[in-house]
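If you read the sequences in order, they're chains R and C. Heads up: the first sequence is residues 1 to 85, going by full-length UniProt numbering. Heads up: the second sequence is residues 1 to 117, going by full-length UniProt numbering. Cβ atoms here follow ideal geometry from the backbone N, Cα and C, with glycine treated the same way. This one's a predicted model, so the numbers in the text were calculated from it and none came from an experiment. Structure record follows, encoded as structure tokens.
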Amino acid sequence: MTLIDLGLAVLALSFALGIVRAVRGPSVADRAIAADLCLYAIVGAIALLTLRTTYREFLDVILIATLLGFLATISLGALVGRRDS
Amino acid sequence: MILDLIGAVLIGLGIFLVLLAGIGLLRFPDVFIRSSATTKAAGLGIALVLAGTACAIGTGEAAVKMGIAIVLQFIGAPVSGHVIARAAYRAGTPLWDRTTVDDLQGFVERPHELEAR
């Protein structure tokens, strides 16, 4: 088990914590924030997979995921403002 | 070789920060404090992981792409956290019962707390 595998396991744990909050979280804003954290964990996992495999094209996936995650969170903010709880 | 070491340290620190953000998201009492955990800890953590990845790969292409991603991350994470928190405040999400300072009070309309629950 290498250090990269350990890092992937820790990111998976963090993703699971985000999922727990997204299921439990009382308001829509809680779920939006939890989805944000899950996206961060996925981006980190893709970065580690880039190191572990030889597919350097994953770097483009990280760029696009970062940009789209920002847009997705902004549109979720509009949804939260319209109705809550 | 030295770049590999720097990359490993940066990635380890960043992953630790993301784990801290996950724990904070689970344990903190209300939306606004949880938003602080995700926005700051996870945003900085992911930026560190990306910087460490660029160091460990060590090519110019990786450095440019990860540099752009880090800049986007530093612009995007605080703005999106602020948008979510402000929308939650406007929608009347209740504050933690031990919160003492409410800087937006009187500046942003919100429904009464007990009605929103």
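Could you work out which residues of chain C lie near residue i, taking near to mean beta carbons separated by less than 9 Å?
i, result
"R21/R", "G22, L25, L26 and R34"
"T2/R", "Within chain C, no residue comes near T2/R; the closest Cβ sits about 11 Å away, beyond 9 Å."
Closer than 8 Å by beta-carbon distance: list the chain R residues that pair up with residue i, in chain order.
i, result
"K65/C", "L59, D60, I62 and L63"
"R90/C", "G81"
Are the CB atoms of residue j and residue i within a distance shorter than 7 Å?
i, j, result
"Q73/C", "A47/C", "yes"
"G44/R", "V9/C", "no"
"G77/R", "A87/C", "yes"
"L95/C", "D30/C", "yes"
At 9 Å on the CB atoms, spell out the chain R contacts of residue i, in chain order.
i, result
"L50/C", "V43, G44, A47, I62 and T66"
"L10/C", "Under the 9 Å cutoff, chain R gives no residues; its nearest Cβ is about 11 Å from L10/C."
Chain R partners of residue i, CB-CB under 7 Å?
i, result
"Q73/C", "T66"
"residue 159/C", "Absent from the model: residue 159/C. The displayed extent of chain C is 1 to 117, so no value can be given."
"L44/C", "By Cβ distance, chain R contributes nothing, its closest Cβ being about 10 Å from L44/C, past 7 Å."
"residue 161/C", "Residue numbering for chain C in the displayed model covers 1 to 117; residue 161/C lies beyond these limits and cannot be assessed."
List, in chain order, every chain C residue whose beta-carbon is nearer than 7 Å to that of residue i.
i, result
"D5/R", "Residues of chain C passing the Cβ test: none, with the nearest at roughly 12 Å."
Kindly list, in the order they appear in chain C, the residues whose Cβ is closer than 8 Å to that of residue i.
i, result
"L32/R", "The residue you asked about is not Leu; residue 32/R is Ala in the sequence shown. I84, listed in chain order."
"T54/R", "Within 8 Å Cβ-Cβ: nothing; T54/R doesn't reach chain C, min ~11 Å."
"A29/R", "V31, S35, I84, A85, A87, A88, A91 and T93"
Can you list, in chain order, the residues of its chain with a C-beta nearer than 6 Å to that of residue i? Leave out the 5 residues immediately preceding and following it.
i, result
"A116/C", "Because the pLDDT of A116/C is 48, which lies under 50, any placement of that residue in the model is unreliable, and the number read from its coordinates should be weighed accordingly. For A116/C, where only same-chain residues beyond five positions count, the Cβ hits under 6 Å are G92."
"D5/R", "none"
"A62/C", "A54"
Skipping 5 residues on each side, what residues in its chain have a beta carbon closer than 8 Å to that of residue i?
i, result
"S85/R", "Residue placement at S85/R cannot be trusted, given a pLDDT of 46 that sits under 50; what the coordinates show is reported in the next sentence. For S85/R, where only same-chain residues beyond five positions count, the Cβ hits under 8 Å are P26, S27 and V28."
"M66/C", "L50, A51, T53 and A54"
Between which residues of its own chain and residue i is the CB-CB distance below 7 Å, once the five residues before and five after are set aside?
i, result
"G12/C", "none"
"L44/C", "L17"
Any 3 or more C-beta pairs closer than 8 Å across the stretch 2-10 of chain R and the stretch 54-65 of chain R: no
Decide yes or no for the touch test of the stretch 49-69 of chain C against the stretch 2-17 of chain C: beta carbon pairs closer than 8 Å, at least 3 of them. Inter-segment contact for the stretch 49-69 of chain C and the stretch 2-17 of chain C is present: three or more beta-carbon pairs are separated by less than 8 Å.
On the three-pair Cβ rule with 8 Å, is the stretch 19-27 of chain C touching the stretch 72-82 of chain R? No, the stretch 19-27 of chain C does not touch the stretch 72-82 of chain R.
With a cut-off of 8 Å, do at least 3 Cβ pairs link the stretch 66-80 of chain R to the stretch 19-38 of chain R? yes
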